[in-house]
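Visitor: One structure is given below, represented as structure tokens, and several questions about it will come after.
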Amino acid sequence: AEEVQQQIIRETFHLVLKRDDHICNFLECGSTWAVSPPPKALHRSSCLCSLFGGSDYKLIYRHYATLYFVFCVDSSESELGILDLIQVFVETLDKCFENVCELDLIFHMDKVHHILQEVVIGGMVLETNMNEIVAQVEAQSKLEKAEGGLSAAPSRAVSAVKNINLPEIPRNINIGDINIKVPNLSQFM
1 AEEVQQQIIR ETFHLVLKRD DHICNFLECG STWAVSPPPK ALHRSSCLCS
51 LFGGSDYKLI YRHYATLYFV FCVDSSESEL GILDLIQVFV ETLDKCFENV
101 CELDLIFHMD KVHHILQEVV IGGMVLETNM NEIVAQVEAQ SKLEKAEGGL
151 SAAPSRAVSA VKNINLPEIP RNINIGDINI KVPNLSQFM
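This is how it looks when you write it as structure tokens:
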């Protein structure tokens, strides 16, 4: 599964990168090219169709400075609607990160996924109002800060176990018919 994902990413990247900036931002599997590509690009197109599962899919992308945003959709989707959706997503990222760049996407992948899930989830567009999306992302950030962040949860759990004040750590816990053997936890304390 991971190999197939990486192959799709590589093939998509090569297809999109090789296109001239003056060519439309839509790539349909099995379609004829707006310019005559080298034979290798034709092979990539047919390979991409087989990776996506057929010719019913198309790639819709936007290029901003050094960033490419690519959506793979089925043929029933509106190309202009998806371009608008990409625009909303990028402008929201820009508002949340103040001039979004590659490093923001790499080091804050969880926040990027959260923003994308505020816009689209399960293939359905949920929200296109940037102010509403930003408000939800800010509310989530405040909640995480108030809770010490999700990444702090494991250390808080270890601290809670350390502060239990048991005279001795139980080795067996019996609850009804369930018998739980507790491993030696001294190495964690």
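Counting in full-length UniProt numbering, the sequence shown runs from 1 upward without gaps. Virtual Cβ for every residue (Gly too), placed ideally from N, Cα, C.
What separation, rounded to the nearest whole angstrom, lies between the Cα atoms of Glu144 and Glu127?
Guide: Computed Cα separation, rounded: 22 Å.
Visitor: Given this structure, state the Cα-to-Cα distance separating Pro37 from Ala139, to the nearest angstrom.
Guide: With a pLDDT of 46 at Pro37, under the threshold of 50, the modelled position of that residue is not reliable, and the figure given next carries that caveat. Cα to Cα, the separation comes out at about 48 Å.
Visitor: If you draw a straight line from the C-alpha of Gln117 to the C-alpha of Ile178, how long is it?
Guide: If I take the Cα positions, the gap works out to 40 Å.
Visitor: From Glu77 to Asp110, what distance separates their C-alpha atoms?
Guide: The alpha-carbon atoms of Glu77 and Asp110 are separated by roughly 27 Å.
Visitor: Given that a residue counts as buried once 16 or more other Cβ atoms are within 10 Å of its Cβ, and exposed if not, what is Lys58?
Guide: The residue in question, Lys58, is buried, as its Cβ has 16 or more Cβ neighbours within 10 Å.
Visitor: Excluding the 5 residues flanking residue 234 on each side, which residues of the same chain have their C-beta closer than 7 Å to its C-beta?
Guide: Since the first residue of the chain shown is 1 and the last is 189, residue 234 is not available in this structure.
Visitor: Below 7 Å CB to CB, which residues in the same chain sit around Asn25 once its five sequence neighbours on both sides are set aside?
Guide: Ile60, Tyr61, Arg62, Leu83.
Visitor: His108 by DSSP, collapsed to three states: which one?
Guide: His108: coil per DSSP, three-state reduction.
Visitor: How many Å lie between Leu103 and Glu28 at the Cα?
Guide: Near 30 Å, if we compare the C-alpha coordinates of Glu28 and Leu103.
Visitor: Over what stretch of residues does the alpha helix (DSSP H) that includes Arg10 continue unbroken?
Guide: Per DSSP, Arg10 belongs to the alpha helix (DSSP H) from 2 to 17.
Visitor: Which residue marks the beginning of the alpha helix (DSSP H) containing Leu143, and which one marks its end?
Guide: First-last of the alpha helix (DSSP H) with Leu143: 130 to 146.
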